[in-house]
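S.K.: In our numbering, each number is its position in the sequence shown, counted from 1, plus 1.
Dropping a structure here in structure tokens format, bear with me for questions.
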Amino acid sequence: MIRTEQEIKLDIQKRVEWIKEVVSKSHSNGIVFGNSGGKDCTLVGILCKMATENVECIIMPCESKRNFLVDREDAIAVSNKYNIKTIEVDLTPIKKAFREQLKDYVDDSCTMAYANINPRIRMTTLYAYAYYKNYLVAGTGNRSERTMGYFTKFGDGGYDLNPIADLTATEVFEYLEVLNAPRQIIDKEPSAGLYEGQTDEKEMGITYKDLDNYILTGEGTEDTKKLVDNTFNRTKHKRNPLLNYPNKVE
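See below:
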């Protein structure tokens with residue numbers, strides 16, 4: 002769905018009002034979110050800042066070299082442009098401690114088992130700070146990622162509010178253009194930055210262009226449809242993580 006600039010601006014204002022309402026009803030003092038220097042957290046940060054002055058972000062590098070370089074630089078650029086208070090917490094020592102304690106039980110070659118630790122300790126960091134400040138934790142995942150289950154359960158999938166959950170990655174880029182976000186954020190190849198060389202599209206096995214087109218129009222090649230449908234069904238447990246007896250398992 003192609004939206005005009007005016008339609009996007011109107012929708013942005015609706016999202017800002019929604020954030021204001023959530024903060025007010027929760028009796029919170031503000032919002033904190035993790036800033037990785039990517040497109041999604043940038044849009045979330047801008048929207049939250051438009052809703053309340055009490056917005057802070059935490060840069061949380063963890064092992065990956067790009068976390069300490071381009072990701073950090075881009076995160077700081079966003080904070081500076083939109084006057085978002087920023088703190089930085091290096092989680093690498095904690096990750097190393099996990100590795101040391103688990104080495105006898107989880108083979109180090111199990112890449113994703115260890116990669117998923119990163120977003121989970123980031124979530125823990127955000128909630129510790131949120132509790133201290135009486136803030137809400139903002140999620141930064143988009144619709145494309147949720148469709149593919151491209152997030153960590155009880156990691157970046159844990160939050161109090163997410164103002165962009167219904168926007169595809171393509172739409173996020175469109176909103177950033179309208180908001181005049183830093184160019185390097187818009188042009189940056191999307192990556193979760195969990196390990197060296199990781200990119201979203203490479204890991205999902207599909208481009209955002211093809212994925213988003215299928216999500217929004219239902220059109221695509223048979224290979225695209227099969228990949229997305231199968232992945233969506235396989236990752237349902239991530240979108241509905243809490244199963245409590247005697248609830249029906251779907």
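Where a beta carbon is used, it is the ideal one built from N, C-alpha and C, also for glycine.
#1: Can you give the Cα-Cα distance for D108 and K134, rounded to whole angstroms?
#2: When the distance is taken between beta carbons, is L177 closer than 8 angstroms to D161?
#3: Would you tell me roughly how many angstroms separate the C-alpha atoms of N181 and F233, rounded to the nearest one?
#4: Compare the C-alpha of E204 against each of F69, G150 and I122 and name the closest.
#5: Name the one or two DSSP bridge partners that F34 has.
#6: For I187, which beta-bridge partners are listed by DSSP?
#7: Closest by CA to L48, which one among G206, I60, E18 and R73?
#8: Determine the burial state of A129: buried for a count of at least 16 other Cβ atoms within 10 Å of its Cβ, exposed for fewer.
#9: Which residue wins for smallest C-alpha separation from L11, given the options E89, V179, T169 and T222?
#10: Starting from Y136, trace the beta strand (DSSP E) in both directions and tell me its first and last residue.
#11: Assuming G35 and M61 form a contact by the criterion Cβ under 8 angstroms, report the distance between their Cβ atoms to the nearest whole angstrom.
#12: Please state the DSSP three-state secondary structure of I77.
#13: In terms of residue numbering, what span does the beta strand (DSSP E) encompassing I88 cover?
#14: For the alpha helix (DSSP H) containing F233, name the first residue and the last one.
#15: Looking only at DSSP bridge pairs, what is L162 linked to?
#16: I believe L92 touches R121 by the beta-carbon criterion, under 8 angstroms. Please report the beta-carbon distance rounded to the nearest angstrom.
#17: For E172, tell me which candidate among N214, E190 and T200 has the shortest Cα-Cα distance.
#18: Going by beta-carbon coordinates alone, are D72 and T141 separated by less than 8 angstroms?
#19: So S80 and C58 are in contact, right, with Cβ under 8 angstroms, and what is the actual spacing, rounded?
#20: According to the neighbour-count rule (16 or more other Cβ atoms, all chains shown, within 10 Å of its Cβ), is I207 buried or exposed?
#21: Among residues of its own chain, excluding the 5 on either side of E220, which ones have a beta-carbon nearer than 8 angstroms to its beta-carbon?
#22: CB-CB under 8 angstroms to V1, same chain, minus the five flanking residues each way: which ones, in chain order?
#23: Have a look at P253 and T200 and give me their C-alpha separation to the nearest angstrom.
#24: Would you kindly work out how many angstroms separate the C-alpha atoms of I85 and G46, rounded to a whole number?
M.R.: If we stick to the structure as given:
#1: 38 angstroms
#2: no
#3: 33 angstroms
#4: G150
#5: C58
#6: Looking at the DSSP assignment, I187 forms no beta bridge with any residue, so it has no partner.
#7: E18
#8: exposed
#9: V179
#10: Y136 to V138
#11: 6 angstroms
#12: helix
#13: K86 to E89
#14: E223 to R235
#15: A139
#16: In fact, because the Cβ distance is near 10 angstroms, the residues do not count as touching under 8 angstroms.
#17: N214
#18: no
#19: 6 angstroms
#20: buried
#21: N214
#22: This structure leaves residue 1 out entirely; the chain is present only between 2 and 251.
#23: This structure cannot speak to residue 253, because the chain is shown only from 2 to 251.
#24: 8 angstroms
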